[in-house]
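Numbering (the working numbering), first residue to last: 4 to 116.
Notes to accompany the following structure.
Right, dumping it as structure tokens:
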């Protein structure tokens, strides 16, 4: 009887572990590498410096007020890099969930004088 209970507990534990690993989204090595590169970018970098690190963008933005370039992070995530006069802003958007993650925010300028 004890062996059956132990076997059932082991099977249950394995099933739960498999379920948990299936539920947790896995991150590909490519996505990890791209996120690591995005985190290396500093707010005062030029577009040329960003392109030297990341390569040619996958697409360019269409806003007239700010230069904006886009890079694929994963099949469902895209990084938008905006070059404001105050600095760079990087946002990663997940097209499946709509979730936006700020990687680098534009520094707040001190306007107090």
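C-beta atoms are modelled at their ideal positions from N, C-alpha and C, and glycine is treated no differently.
DSSP places residue 92 in the strand class (E or B) of the three-state scheme.
Non-local C-beta neighbours of residue 41 in its own chain, meaning closer than 7 Å and more than five positions away in sequence, comprise 82, 93, 106, ordered along the chain.
Under a 10 Å Cβ-count criterion, residue 95 is classified as buried, with 16 or more other Cβ atoms of the shown protein chains found around its own Cβ. Residue 77 and residue 85 have their C-alpha atoms some 19 Å from each other. A direct Cα-Cα distance of roughly 23 Å separates residue 30 from residue 72.
In the three-state DSSP reduction, residue 35 falls in the helix class (H, G or I).
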